[in-house]
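Q: My questions will all concern the structure given below.
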Amino acid sequence: MPDSPRRRLRASALLVALALPGLGAGCGGSSGPTTLTVLATSSLKEVFGEMGTAYGQTHPGVRLRFEFGATPEMADRLSGHDPGDVLVTADRASMDEADEYLAERRRTVAHNSLTIAVGPGNPHRIRGLHDLTRPGLRVVVGGGTVPVGRYTRQVLANAGLTVHRSSEVISARAVLDLVRAGEADAGIVYITDLRSAGVAASSVPIPANLNVTAAFPAAAVRDGDHEEAADAFVSWLSTPAAQKLFNKYGFVTPPAPH
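All residue numbers for the sequence shown refer to the numbering used here, where the first residue is 165 and numbers rise by one.
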């Protein structure tokens, strides 16, 4: 594999350090914790907020800095000047699209499924997926190139339904925001997103035989400044302590890898 620009840059920096051994010693070396930048889908905002505290208690030498957004936005960051250290997406396809920037080792750290989000009290009396085909109903879904949009299309295909979309957006949180604001009558989101809305939205379940299993994979960024520490955090996300927090926020523990 040819050297990447970042790898060559680090090699050059090492040569300088070897040529000037007294420079680091004279300045006392680096100090303070390692800061890992974790780029994550916005659907993980609540659970990762608590995980940051939990991880810091058992890993005092590492500080986590989370940046949340739509999965495509986070993946696009990897091609920039300051790509971050860990990527956590809402489906495997998005992880595969960012493959050239990521370490080979991947872990699916959580599972999720979908539900129909409606206004508080379900004012349009939506009872299931078939009602989303009702004329005049404003239905918002994720776009076809984003994880929640891909999952939504699988669910509708399982049900044999064609739903007229009033709009398509970039993430499950964006779908939920439109429903909460009254700008959409219904939308399809992750169950965990609906939980985060509290009383601002209601849920209409999708039957298990029509639903999908949404996988949330994580990986360290290749050739990053803290790749070893990043890989350790990715591994920690599969530990009982981390999985307990995922479960607390409504995520499902994935089967152990064989």
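From the three backbone atoms N, C-alpha and C, an ideal C-beta is built for every residue, glycine too.
None of these values were measured; they are calculated from a predicted model.
#1: How about Gly-216 and Phe-232: are their beta carbons less than 8 Å apart?
#2: Please classify Ala-307 as buried or exposed, where buried requires at least 16 neighbouring CB atoms within 10 angstroms.
#3: Looking only at C-alpha atoms, which of Gly-292, Gly-388, Ala-267 sits nearest to Asn-375?
#4: Taking 8 Å as the threshold, find out whether the stretch 304-318 comes into contact with the stretch 334-342 through three or more Cβ pairs.
#5: Should Pro-381 be labelled buried (16 or more other beta-carbon atoms within 10 Å of its own) or exposed?
#6: Quick one: Cα of Glu-268 to Cα of Arg-344, how far?
#7: If Val-282 sits next to Val-339, beta carbons under 8 Å apart, how far is it from one beta carbon to the other, in whole angstroms?
#8: By Cβ distance below 7 Å, which residues in the same chain neighbour Ser-207 in space, the five residues on each side in sequence not counted?
#9: Quick check on DSSP: helix, strand or coil for Tyr-413?
#10: Quick check for students: name the residue ranges of the alpha helix (DSSP H) that lie wholly in the stretch 299-366, counting only runs of 4 or more.
#11: The ligand GTP heavy atoms versus the CB of Gly-351: any closer than 7 Å?
#12: I'd like to confirm the pairing. Which residues does DSSP put opposite Thr-205 in its beta bridges?
#13: Does Leu-374 come out as helix, strand or coil in the three-state DSSP assignment?
#14: Starting from Glu-264, trace the beta strand (DSSP E) both ways and give me its first and last residue.
#15: Under DSSP, the alpha helix (DSSP H) around Ala-394 begins and ends at which residues?
#16: Can you list, in chain order, the residues of its chain whose CB lies under 6 Å from that of Lys-408, leaving out five sequence neighbours each side?
#17: Out of Leu-242, Val-211, Val-226, Thr-377, which has the shortest C-alpha to C-alpha gap to Lys-315?
#18: In the DSSP assignment, what residue or residues form a beta bridge with Pro-381?
#19: Let's see if you can read the secondary structure: which residues bound the beta strand (DSSP E) around Leu-278?
#20: If we count the other Cβ atoms within 10 Å of its Cβ and call it buried at 16 or more, is Ser-243 buried or exposed?
#21: May I ask which residues mark the beginning and end of the beta strand (DSSP E) holding Leu-251?
#22: Restricting to Cα atoms, I'd like to know which of Ile-370, Thr-417, Glu-392 is closest to Asp-295.
#23: Do you know offhand how far Asn-373's Cα is from Val-305's?
#24: Going by CA-CA distance only, name the one from Pro-197, Gly-285, Gly-213 that's closest to Ala-204.
A: Per the coordinate set shown:
#1: Locating residue 216 in the sequence shown gives position 52, where the first residue counts as 1. Locating residue 232 in the sequence shown gives position 68, where the first residue counts as 1. Taking the C-beta atoms as reference points, Phe-232 is found no nearer than 8 Å to Gly-216.
#2: By one-based count along the sequence shown, residue 307 stands at place 143. Going by the sequence as given, residue 307 is Gly instead of Ala. Its Cβ being crowded by 16 or more others within 10 Å, Gly-307 is buried.
#3: The sequence position of residue 375 within the sequence shown is 211, counting from 1. When each option's Cα is compared against that of Asn-375, the closest is Gly-292.
#4: With the rule of 3 Cβ pairs closer than 8 Å, the stretch 304-318 counts as touching the stretch 334-342.
#5: Residue numbering aside, residue 381 sits at position 217 when the sequence shown is read from its first letter. By the 16-neighbour rule on beta-carbons within 10 angstroms, Pro-381 is buried.
#6: Within the sequence shown, the letter at position 104 stands for residue 268. Within the sequence shown, the letter at position 180 stands for residue 344. Each residue's Cα considered, the two are about 39 Å apart.
#7: The residue given as residue 282 occupies position 118 in the sequence shown. The residue given as residue 339 occupies position 175 in the sequence shown. About 12 Å; that fails the 8 Å criterion.
#8: Position 43 of the sequence shown, counted from the first residue, corresponds to residue 207. So the list reads Ala-254, Ala-336, Arg-337, Tyr-354, Thr-356, Asp-357, once near-sequence residues are dropped.
#9: Here residue 413 corresponds to residue number 249 of the sequence shown, with the count starting at 1. Here Tyr-413 carries a coil assignment [DSSP, helix/strand/coil].
#10: Complete alpha helix (DSSP H) runs here, min 4: 311-323, 336-344, 355-360.
#11: Absence of the ligand GTP is noted for the structure shown, with no ligands found whatsoever.
#12: As a position in the sequence shown, residue 205 is number 41, starting the count at 1. In the DSSP secondary-structure assignment, Thr-205 is bridged to Gly-233.
#13: Stepping through the sequence shown from its first residue, residue 374 is reached at position 210. Here Leu-374 sits in coil by DSSP.
#14: Taking the first residue of the sequence shown as position 1, residue 264 is located at position 100. No beta strand (DSSP E) holds Glu-264; DSSP gives it neither H nor E.
#15: By one-based count along the sequence shown, residue 394 stands at place 230. Its alpha helix (DSSP H) spans residues 391-400.
#16: Numbered from 1 along the sequence shown, position 244 holds the residue referred to as residue 408. Hits under 6 Å: none found.
#17: By 1-based counting over the sequence shown, the position of residue 315 is 151. First, the amino acid is wrong: residue 315 is Tyr here, not Lys. Looking only at Leu-242, Val-211, Val-226, Thr-377, the smallest Cα-Cα distance to Tyr-315 is reached by Thr-377.
#18: As a first step, residue 381 is located in the sequence shown; it is residue number 217 there, counting from the start. Looking at the DSSP assignment, Pro-381 forms a beta bridge with Thr-272.
#19: Position 114 of the sequence shown, counted from the first residue, corresponds to residue 278. Counting along the chain, the beta strand (DSSP E) containing Leu-278 begins and ends at 278-282.
#20: Along the sequence shown, one-based indexing puts residue 243 at 79. By the neighbour-count rule (16 or more Cβ atoms within 10 Å), Ser-243 is not buried but exposed.
#21: Stepping through the sequence shown from its first residue, residue 251 is reached at position 87. From DSSP, the beta strand (DSSP E) with Leu-251 extends over 250-252.
#22: Reading the sequence shown from its first residue, position 131 is the one you call residue 295. When only C-alpha atoms are compared, the closest one is Ile-370.
#23: For the purposes of this step, residue 373 is taken as residue 209 along the sequence shown, with counting starting at 1. For the purposes of this step, residue 305 is taken as residue 141 along the sequence shown, with counting starting at 1. Approximately 20 Å, taken between the alpha carbons.
#24: Locating residue 204 in the sequence shown gives position 40, counting from the first residue. Minimum Cα distance to Ala-204 is reached at Gly-213.
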